[in-house]
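Peer 1: Count the sequence shown with our numbering and you get residues 12 to 554, in order. The beta-carbon is built from N, C-alpha and C at its ideal position, and this holds for glycine as well. Predicted model only: the values in this text are computed from it and were never measured.
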Amino acid sequence: MAVLQIATQPFADQRPGTSGLRKKVKVFQQPHYLENFVQSVFDCVEELAGATLVLGGDGRYHNREAIQTILRLAAGNRVAHVIVGQGGIVSTPAASNLIRLHEAAGGFLFTASHNPAGPDGDFGVKFNIAGGGQAPENLTQRIYEQSRSIQRYRVVEHPGIDIDRRGAAKIGDTMIEVIDGVADYAKLMERLFNFDRIAAWLKAGHLIRYDALHAVTGPYARRILVDLLGAPGDAVVNAIPLEDFGGGHPDPNLVYAKPLVDIAFGKDPPELCAASDGDGDRNMILGRHIFISPGDSLAMLAANHSVIPGYKNRVHGFARSMPTSRAVDQVADKLGVKCYETPTGWKFFCNLLDAGKATICGEESFGTGSDHTREKDGLWAVLAWLNILAETGKDVQAIAGSHWSDFGRHYYARHDYEALPGADAGAVMKELELVLPRLVGKQFDAGTITQSDSFSYDDPVDGSHAEGQGLRIVFGRSARIVLRQSGTGTSGATLRLYLERYESPDGILDQPVNIALSPLATIAEKITRIGELTGRKSPTLVT
Ligand code: G16
């Protein structure tokens with residue numbers, strides 16, 4: 012079949028953010044919009060021609076149309092083999108695994124993560140490179156530049172492939188293979204965790220509840236937790252992926268997964284409650300009457316990794332993004348391994364994972380993962396917790412309690428100021444940047460400021476340099492205030508204020524987080540003047 016060259020004109024707004032290109036569905040529905048961006052990727056990643064490509068998404072509205080579009084473009088750009096998840100469904104970590112397993116030259120994932128879906132919701136496209144990680148900054152920059160001058164894209168016309176039935180078909184010379192998107196991922200999890208031990212623990216009557224929030228992880232959780240591990244069917248709820256996520260906001264946190272939180276804090280709760288986000292890379296962990304913050308979850312998994320077969324005797328280091336709580340740093344110190352501090356964005360972990368410098372990593376934004384794949388992995392974190400519970404015989408409260416009495420506790424919260432006018436958000440950042448150099452040595456109730464700067468990062472593997480990655484005000488080991496602008500929002504600008512306060516093992520370890528952080532929040536307002544400069548009396552979201 013002939014390859015058609017379709018004439019097009021550049022769109023000015025195709026600069027990828029923290030995690031791919033995220034826009035309103037209506038933006039992606041404009042003629043040529045998706046084609047332009049994807050062709051720009053093909054133009055920058057020439058090795059895709061003749062190679063294997065992985066394709067899938069979180070099942071949100073517009074996923075199916077986008078998949079057919081990419082199939083036509085893949086054929087037009089002479090990709091040899093496209094692997095597509097059945098129904099167009101592949102979670103982000105499972106897609107990363109498929110890229111690695113099939114030695115694909117890359118993959119396109121359609122997701123806007125936890126952002127709401129539907130005709131008025133968000134859509135997104137992410138390109139992952141060979142090896143399974145997100146495209147690094149230098150590549151996304153080149154793709155963006157290409158998108159600004161693109162004049163044509165290449166397609167092979169085709170009425171569409173049936174993506175609901177497994178099997179193979181062809182568009183032009185390109186082989187399209189529709190596969191079960193869950194099977195290989197389930198096998199990977201079986202290799203890492205002690206499934207027999209977890210199954211025996213579940214059989215002994217320990218109850219769990221996993222909320223897939225009507226997003227991509229439903230089929231994964233059903234297969235792994237129910238079919239393979241024997242949890243009762245009602246342990247997995249909201250398991251059918253819906254195009255609008257059931258009208259919900261599939262962000263696993265205390266606000267958007269409230270029904271699950273109510274169960275965990277209600278009468279006779281299950282031993283472990285957990286949820287994932289739209290595309291399956293985030294997770295939230297709750298025990299009976301306890302929420303484990305993402306930074307604590309990372310630290311506790313790091314401290315207990317040796318009971319998990321896939322990690323015993325092979326943890327070389329840890330990594331966390333700069334705004335993430337420093338709880339894991341203390342575990343690293345105790346184990347005598349390094350903990351790397353990277354900018355926000357999972358892509359910054361990939362070199363460390365590839366080089367064997369970090370084995371387990373995580374972020375405050377409910378992401379945890381390891382070197383088993385190159386994306387954060389929601390169900391992986393749930394299985395890691397299950398493995399630890401089954402192996403130690405302790406419950407979540409007891410794991411947290413003994414962790415805090417060994418290491419102390421990092422009280423932590425993130426305050427989001429969403430949908431701000433760009434100029435207001437910019438003004439807050441600029442004003443703070445101006446006063447930063449004068450802050451060191453200033454005394455507050457939280458202690459003396461020992462460091463105040465704009466975070467920059469030199470990648471220890473490839474030497475690449477990233478600047479302007481967030482403003483931080485450090486009070487030695489006892490507290491930190493961090494401010495940065497989100498790179499994933501689709502409406503206006505979002506400022507994220509991160510608050511962290513350390514309490515040593517002999518301090519008060521069981522305070523409500525908002526109370527423990529209230530004095531620091533007052534100091535943060537005094538220094539950053541967010542309320543004053545934006546007119547917002549309080550954050551829109553606290554997680
Ligand atoms: C993405 C990135 C994460 C980042 C998060 C929030 O996650 O992969 O590394 O922490 O966005 O980023 P920001 O603070 O810039 O909004 P996801 O789950 O949205 O793909």
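Quick one: what's got a C-beta closer than 6 Å to Asp54's C-beta in the same chain, skipping five residues either side?
Peer 2: Reading the sequence shown from its first residue, position 43 is the one you call residue 54. Excluding sequence neighbours, Asp54 sits near Gln157.
Peer 1: Have a look at Val131 and Ser502 and give me their C-alpha separation to the nearest angstrom.
Peer 2: If you number the sequence shown from 1, residue 131 lands on position 120. If you number the sequence shown from 1, residue 502 lands on position 491. The displayed chain sequence assigns Asp, not Val, to residue 131. Going by the C-alpha atoms only, they are around 12 Å apart.
Peer 1: Below 8 Å, is the gap between the Cβ of Glu374 and the nearest heavy atom of ligand 1?
Peer 2: In the sequence shown, residue 374 corresponds to position 363, counting from 1. For ligand 1, at least one heavy atom lies less than 8 Å from the Cβ of Glu374.
Peer 1: Quick check on Lys35: does DSSP put it in helix, strand or coil?
Peer 2: The residue given as residue 35 occupies position 24 in the sequence shown. Correct three-state label for Lys35: strand.
Peer 1: Alpha carbons only, please: which of Asp470, Ser416 and Gly289 is nearest the one belonging to Asp133?
Peer 2: Counted from its first residue, the sequence shown places residue 133 at position 122. Checked all of Asp470, Ser416 and Gly289; the closest Cα to Asp133 is Gly289.
Peer 1: Which residue wins for smallest C-alpha separation from Phe204, given the options Ala106, His316, Ala268 and Asp262?
Peer 2: On the sequence shown, residue 204 is found 193 positions in, with the first residue counted as 1. Ranking Ala106, His316, Ala268 and Asp262 by Cα distance to Phe204 puts His316 first.
Peer 1: Hey, could you find the ends of the beta strand (DSSP E) Ile100 is sitting in?
Peer 2: The sequence position of residue 100 within the sequence shown is 89, counting from 1. First-last of the beta strand (DSSP E) with Ile100: His92 to Ile100.
Peer 1: On the premise that Leu506 lies in contact with Ile492, defined as a C-beta separation below 8 Å, what is that separation, rounded to the nearest angstrom?
Peer 2: Against the sequence shown, residue 492 aligns to sequence position 481. Against the sequence shown, residue 506 aligns to sequence position 495. No, Ile492 and Leu506 are not in contact; Cβ-Cβ is about 12 Å, not under 8 Å.
Peer 1: Looking at Gln25: is its Cβ nearer than 9 Å to the Cβ of Arg159?
Peer 2: Numbered from its first residue, the sequence shown carries residue 25 at position 14. Numbered from its first residue, the sequence shown carries residue 159 at position 148. Going by C-beta atoms, Gln25 is nearer than 9 Å to Arg159.
Peer 1: Helix, strand or coil for Leu199? Go by DSSP, reduced to three states.
Peer 2: Counted from its first residue, the sequence shown places residue 199 at position 188. Correct three-state label for Leu199: helix.
Peer 1: DSSP has Gly117 in a bridge; who is on the other side?
Peer 2: Taking the first residue of the sequence shown as position 1, residue 117 is located at position 106. According to DSSP, which records beta bridges pairwise, Gly117 is partnered with Leu64 and Ile140.
Peer 1: Between Gly306 and Arg293, what straight-line distance do the alpha-carbon atoms span, to the nearest angstrom?
Peer 2: Position 295 of the sequence shown, counted from the start, is the residue given in the question as residue 306. Position 282 of the sequence shown, counted from the start, is the residue given in the question as residue 293. Going from the Cα of Gly306 to the Cα of Arg293 covers about 13 Å.
Peer 1: Have a look at Ala18 and Val167 and give me their C-alpha separation to the nearest angstrom.
Peer 2: To locate residue 18, count along the sequence shown from 1; it is residue 7. To locate residue 167, count along the sequence shown from 1; it is residue 156. Those two C-alpha atoms are separated by around 14 Å.
Peer 1: Considering only the alpha carbon of each residue, which of Leu265, Asp365, Asn126 and Ile319 lies closest to Asp470?
Peer 2: Along the sequence shown, read from residue 1 onward, the residue named residue 470 stands at position 459. Asp470 has its Cα closest to that of Asp365, out of Leu265, Asp365, Asn126 and Ile319.
Peer 1: If we ignore side chains and look at the alpha-carbon of each, how far apart do Leu528 and Asp427 end up?
Peer 2: Here residue 528 corresponds to residue number 517 of the sequence shown, with the count starting at 1. Here residue 427 corresponds to residue number 416 of the sequence shown, with the count starting at 1. About 15 Å.
Peer 1: Cβ-heavy atom distance between Ser336 and ligand 1 below 8 Å?
Peer 2: For the purposes of this step, residue 336 is taken as residue 325 along the sequence shown, with counting starting at 1. No, the Cβ of Ser336 stays beyond 8 Å of every heavy atom of ligand 1.
Peer 1: Pick out the complete beta strand (DSSP E) segments inside the stretch 432–479, 3 residues or longer, and give them in chain order.
Peer 2: As far as the stretch 432–479 is concerned, its whole beta strand (DSSP E) runs of at least 3 residues are 462–465.
Peer 1: How would you write the range of the beta strand (DSSP E) that Lys349 sits in, first residue to last?
Peer 2: To locate residue 349, count along the sequence shown from 1; it is residue 338. Taken as a continuous stretch (DSSP letters only), the beta strand (DSSP E) holding Lys349 covers Lys349 to Thr353.
Peer 1: Alpha carbon to alpha carbon, how far is Thr370 from His327? Give it in angstroms, no decimals.
Peer 2: Taking the sequence shown and counting its residues from 1, the one referred to as residue 327 is at position 316. Taking the sequence shown and counting its residues from 1, the one referred to as residue 370 is at position 359. Approximately 6 Å, taken between the alpha carbons.
Peer 1: Tell whether a beta-carbon distance below 9 Å holds between Pro27 and Tyr164.
Peer 2: Taking the sequence shown and counting its residues from 1, one reaches residue 27 at position 16. Taking the sequence shown and counting its residues from 1, one reaches residue 164 at position 153. It is not a contact, given that the beta carbons lie outside the stated cut-off.
Peer 1: Our contact map puts Asp450 next to Ile460 with C-beta atoms below 8 Å; I'd like the distance itself, whole angstroms only.
Peer 2: Numbered from its first residue, the sequence shown carries residue 450 at position 439. Numbered from its first residue, the sequence shown carries residue 460 at position 449. First, the amino acid is wrong: residue 450 is Leu here, not Asp. 5 Å between Cβ atoms; contact.
Peer 1: Which residues in the same chain have their Cβ closer than 8 Å to the Cβ of Gly356, if we skip the five residues on either side of it in sequence?
Peer 2: Walking along the sequence shown from the start, residue 356 turns up at place 345. Contacts found: Thr29, Ser30, Gln145, Ser332 and Gly498.
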